Structures are given as C-alpha cells and as structure tokens.
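Novice: Each residue of the sequence shown is one higher than the one before, counting from 1 in full-length UniProt numbering.
First the structure, which I've put down as structure tokens, then a few questions once you've had a look.
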Amino acid sequence: MNTNDEDIRGSAAFDTSTEASSPEPAKRKSRPRSAKTTRENILRAAKKIFSKDGYDGARVDKISKAAKSYDSLIYYYFGSKEKLFVEVLEGAYKDIFEAEKNLQLDMDDPVGSLRKIIEFPFRYYLANPEIITLLGTENLQKGKHIGKSRTADQYALPAISILEDVIQRGVDKGLFRKGVNCRKLYMSMTALGYFYVSNRYTFSAFLNVDLMDAEKIDGWAAYISDLLLDSVLKK
1 MNTNDEDIRG SAAFDTSTEA SSPEPAKRKS RPRSAKTTRE NILRAAKKIF SKDGYDGARV
61 DKISKAAKSY DSLIYYYFGS KEKLFVEVLE GAYKDIFEAE KNLQLDMDDP VGSLRKIIEF
121 PFRYYLANPE IITLLGTENL QKGKHIGKSR TADQYALPAI SILEDVIQRG VDKGLFRKGV
181 NCRKLYMSMT ALGYFYVSNR YTFSAFLNVD LMDAEKIDGW AAYISDLLLD SVLKK
C-alpha cells in the first residue's frame, strides 16, 4: 500500500508538546510527496540545522520549516530529535566512507595510491565543512548519540580494507615496510586533515596566514602525505 505525507499527517497523532509546531501552509500541494522524498528532505535540512546550531540549539520546528515539512512527520519518520540526529550522523559517516571507497587507485603504484588515500580526508573536510561541525558537536556530547547507532562501526571497515590492500601491495613490491598498523595510519591521516580544517580560523590568526589559501592547502596536503608516507616506506 502506498502511503503519502498527507495520509500520515492526517491520521497520526504525536506528542510534540516539547517543540513548537510549524504552521501549516495555506495551500496544500496538489501532489503529496513520497515518504522517501520527505525523509530525504528532512535529513538534508536537519544536517544543515545541526551543523549550524549544534544538537542542543537545533529545534524540531526549525528543521521542519527548513524541510518545508511538519513537526509531526519528523516524529513519524524518526521518532525523536535524538534519533534524527543519529541518522544524520550515520549519513555523514556513510557519505565520507562511500566517497573513499570510490577513489580511483592504481594498485601498480602503491606510493601514489597511498598519497591519494592520505590526502582524501583533508580534501573531503574542506569540501564538506559541515561534517566538522557535526563531529565536533557529537564529541562535545561524548559520542552518546553515535554510540546508539547500529551501523556506524561498519562504515570504516571498507576504507581500512582498501588501505590494507594498498599497504600490502607496497610491501609485495618492496616499497613499504612490514607490520604497518593500518588502523593507526588511518586515524593519523584523518586527524591531520580534521585538525587543519577545524582549527583553520584560530590558526590563521595565530600564524598570521590564510590557511584557506589554495597554496597553503596544497602545502598541507603534501606535508601530511610526505609525513605519513615516510612512516611506512622501507628504509
């Protein structure tokens, strides 16, 4: 049975007393949106609001307004603001790891491939700065929301597996040393990219440079790839 938003909104009752309800538009759209479209719109709007206002500052009524939806539909599809935030976090993690899996790597050139993998998180954070705010917000919450996710621990495994394949290829070619801890390498490259982007404003002031200048960005990408490559190259 096909269900649309007008059916859901009209038939379900929700306790939304803790959040102010969004006013309904004067006119209904002639064609109700599908459930999938509505969920996607809510998630997209929620990502923006959570990134801008943090978890505590993001209100359900503000999210529903940004999604051109209703508070009741948010509760229907997600159950609560917390569950919505968990799905936003899951989506953010999934997006970055999916993009990482799709990197075009030449396994005959493990050094070049490793450089590309090392630089990827940094470049991704630059292109998607909202993930920095989302992760920062969740870390301030001590990870209590993502800890309730049933899928978050699955997303990094394919990315680490690709890294392990590249490292093994380099070992087989006599380029990389044996015994590289790929999880620590993965954490290192992620941390170096995250730190630069999350601290770009304060460090630009401290160092009296524009860290968002293209030359500075390319310089940092080269620096972290040189640094981490040096840790795995066979001496």
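Ideal Cβ placement from N, Cα and C applies to all residues, glycine included.
Every value quoted in this text rests on a predicted model; they were computed, and no experiment measured them.
CA-CA distance, GLU138 and ILE146?
Specialist: Taking the sequence shown and counting its residues from 1, the one referred to as residue 138 is at position 138. Taking the sequence shown and counting its residues from 1, the one referred to as residue 146 is at position 146. Approximately 8 Å between the Cα atoms of the pair.
Novice: Give the straight-line distance between the Cα atoms of LEU227 and GLU215, rounded to the nearest whole angstrom.
Specialist: Here residue 227 corresponds to residue number 227 of the sequence shown, with the count starting at 1. Here residue 215 corresponds to residue number 215 of the sequence shown, with the count starting at 1. When rounded, the distance between both Cα atoms is 18 Å.
Novice: Quick one: residues in its chain with C-beta nearer than 7 Å to the C-beta of LYS94, no 5 flanking neighbours on either side, listed in chain order?
Specialist: For the purposes of this step, residue 94 is taken as residue 94 along the sequence shown, with counting starting at 1. Closer than 7 Å at the Cβ level, and outside the excluded window around LYS94, lie TYR155.
Novice: Quick one, which of LYS81, GLY54, PHE203, ALA58 has its alpha-carbon nearest ILE132's?
Specialist: In the sequence shown, counting from the first residue as 1, residue 132 sits at position 132. Comparing Cα-Cα distances from ILE132 to each of LYS81, GLY54, PHE203, ALA58, the minimum goes to GLY54.
Novice: Using alpha carbons as the reference points, say which of ALA99, GLY193, ALA205, LYS36 lies closest to ALA221.
Specialist: Counting from 1 along the sequence shown, the entry for residue 221 is found at position 221. Nearest of ALA99, GLY193, ALA205, LYS36 to ALA221, Cα basis: GLY193.
Novice: List in chain order: all unbroken alpha helix (DSSP H) runs of 4+ residues lying wholly within the segment 57-134.
Specialist: Qualifying alpha helix (DSSP H) stretches, in chain order: 60-66, 71-78, 81-101, 110-127.
Novice: Quick check: the Cα distance between SER235 and ARG177, rounded to an integer number of angstroms?
Specialist: Residue 235 sits at position 235 when you count from the first residue of the sequence shown. Residue 177 sits at position 177 when you count from the first residue of the sequence shown. Here residue 235 turns out to be Lys, not Ser, going by the sequence shown. Computed Cα separation, rounded: 8 Å.
Novice: Beta-carbon within less than 7 Å of PHE85's beta-carbon, same chain only, minus the 5 sequence neighbours each way: which residues are those?
Specialist: As a working note, residue 85 is residue 85 in the sequence shown. Cβ within range, chain order: PHE50, TYR55, HIS145.
Novice: Do VAL209 and LEU134 have their C-beta atoms closer together than 8 Å?
Specialist: In the sequence shown, the residue the question calls residue 209 occupies position 209. In the sequence shown, the residue the question calls residue 134 occupies position 134. No, Cβ-Cβ distance for VAL209 and LEU134 is not below 8 Å.
Novice: For ARG183, is the classification buried or exposed, using 16 other Cβ atoms within 10 angstroms of its Cβ as the cut-off for buried?
Specialist: Indexing the sequence shown from 1 puts residue 183 at position 183. Label assigned to ARG183: exposed.
Novice: Would you identify the three-state DSSP class for SER198, choosing helix, strand or coil?
Specialist: Against the sequence shown, residue 198 aligns to sequence position 198. The answer is helix: DSSP assigns SER198 an H, G or I state.
Novice: Grouping DSSP H, G and I as helix and E and B as strand, with all else coil, what is LEU211?
Specialist: Numbered from 1 along the sequence shown, position 211 holds the residue referred to as residue 211. LEU211: coil per DSSP, three-state reduction.
Novice: Out of curiosity, what's the CA-to-CA distance linking ILE224 and LYS65?
Specialist: As a first step, residue 224 is located in the sequence shown; it is residue number 224 there, counting from the start. As a first step, residue 65 is located in the sequence shown; it is residue number 65 there, counting from the start. One C-alpha to the other measures close to 42 Å.
Novice: Which partner residues does LEU233 have in the DSSP bridge list?
Specialist: Looking up residue 233 in the sequence shown gives position 233. Note: LEU233 sits in a beta bridge opposite PHE176.
Novice: Can you grab the Cα-Cα spacing for the pair SER69 / VAL60, in whole Å?
Specialist: Start at 1 with the first residue of the sequence shown, and residue 69 comes out as number 69. Start at 1 with the first residue of the sequence shown, and residue 60 comes out as number 60. Approximately 11 Å between the Cα atoms of the pair.
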